[in-house]
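Trainee: Mind the numbering: the sequence shown is residues 138 to 231 in the working numbering, read in order.
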Amino acid sequence: MRANMDITNGLVMSEAVMMGLGPTIGREYAHDLVYDLCRQALKENRPLIDILQAHPEINPHVTRAQLEAMCDPVNHLGQAGVMVDRVLAARQGA
138 MRANMDITNG LVMSEAVMMG LGPTIGREYA HDLVYDLCRQ ALKENRPLID
188 ILQAHPEINP HVTRAQLEAM CDPVNHLGQA GVMVDRVLAA RQGA
């Protein structure tokens, strides 16, 4: 599944990036900026994270590590692991 997500060059995580940037540059502006940078990533076939890091309005506010955390799908699984454990436990008890 990770390979399939990587095919998008990080675009699949753009909403998480928008939300992560919102507190520093404003939610609406973050939305518009990330949207434009996603279009650039598609056009240039480059990873979104590289374009984000190089952007002069983003770079001063977040580190590469912070961008990587925003772009890492593992950080956005929420309660998925708990739900899987419950389903497996119920299945074993059946």
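Backbone N, C-alpha and C define an ideal beta-carbon position, used for all residues, glycine too.
Do Gly159 and Ala153 have their beta-carbon atoms positioned less than 8 Å apart in this structure?
Mentor: No, the pair does not count as a contact, with Cβ atoms beyond the cut-off.
Trainee: Considering only their Cβ atoms, is the gap separating Gln177 from Ile188 smaller than 8 Å?
Mentor: yes
Trainee: Given that a residue counts as buried once 16 or more other Cβ atoms are within 10 Å of its Cβ, and exposed if not, what is Leu179?
Mentor: Per the 10 Å Cβ criterion, exposed.
Trainee: Let me know the beta strand (DSSP E) ranges lying completely inside the stretch 144–179, each 3 residues or longer, listed in chain order.
Mentor: none
Trainee: Return yes when at least one heavy atom of the ligand HEM lies under 7 Å from the C-beta of Ala227, else no.
Mentor: The ligand content of the structure shown is nil, which means the ligand HEM is not present either.
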